[in-house]
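Chemist: Residue numbers for the sequence shown follow numbering that gives the first Met the number 0, so the first one is 0 and each next one is one higher.
Using N, Cα and C, we set each Cβ at its ideal position, and we do this for glycine too.
Please read through the structure below; I'll follow up with questions.
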Amino acid sequence: MRLNDFQLTENFNLKEFECPCCHTVLLHPLLVLNLQKLREKWGRPLIINSGYRCEIHNKDVGGAKRSLHKVGQAADIRVPAPEYERFRDMALSCGFSRAISYGKKHFIHIEIGG
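See below:
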């Protein structure tokens with residue numbers, strides 16, 4: 000088995016959330032549970048662009064100084080542009096505290112804290 004390669008839920012593997020530069024993972028259980036609810040409601044795979052970020056990677060991608068990615072409470076999900084509003088509303092109904100659309104980058108930032 001490779002590092003961080005195991006199923007957390009029916010549809011999510013820990014590896015999907017690891018920092019791409021150091022392979023570290025910090026993940027709040029509620030984030031992945033809410034993502035599983037959202038995946039079931041959405042009815043299609045969710046592609047995670049960004050999960051956990053270490054301090055270095057967060058800085059490299061221009062992340063906020065107090066980013067919830069750094070504490071495992073946020074993820075960026077790739078969503079087709081015409082479905083931003085529907086996806087955002089669905090995310091909020093699944094227990095996420097915020098769902099922010101980054102239209103030109105084709106993803107929605109979702110978080111459980113803040």
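#1: Using the beta-carbon count (16 or more within 10 Å), is TYR73 buried or exposed?
#2: Enumerate in chain order the residues of its own chain whose CB-to-CB distance from THR23 is below 8 Å, with the five nearest sequence positions on each side excluded.
#3: Taking all protein chains shown into account, do 16 or more other C-beta atoms lie within 10 angstroms of the C-beta of ILE76, making it buried, or fewer, making it exposed?
#4: Under 8 Å, do LEU25 and LEU34 count as touching if we go by C-beta distance?
#5: Could you compute how far the alpha carbon of HIS108 sits from the alpha carbon of ASP4?
#6: Give the DSSP bridge partners of GLU110, in chain order.
#7: Hey, out of ARG97, PHE86 and LYS14, whose CA is closest to ARG43's CA?
Modeler: Judging by the given coordinates:
#1: For the record, residue 73 in the displayed sequence is Ala; it is not Tyr. Per the 10 Å Cβ criterion, buried.
#2: GLU17, TYR51 and CYS53
#3: buried
#4: no
#5: 24 Å
#6: ALA73 and ARG97
#7: PHE86
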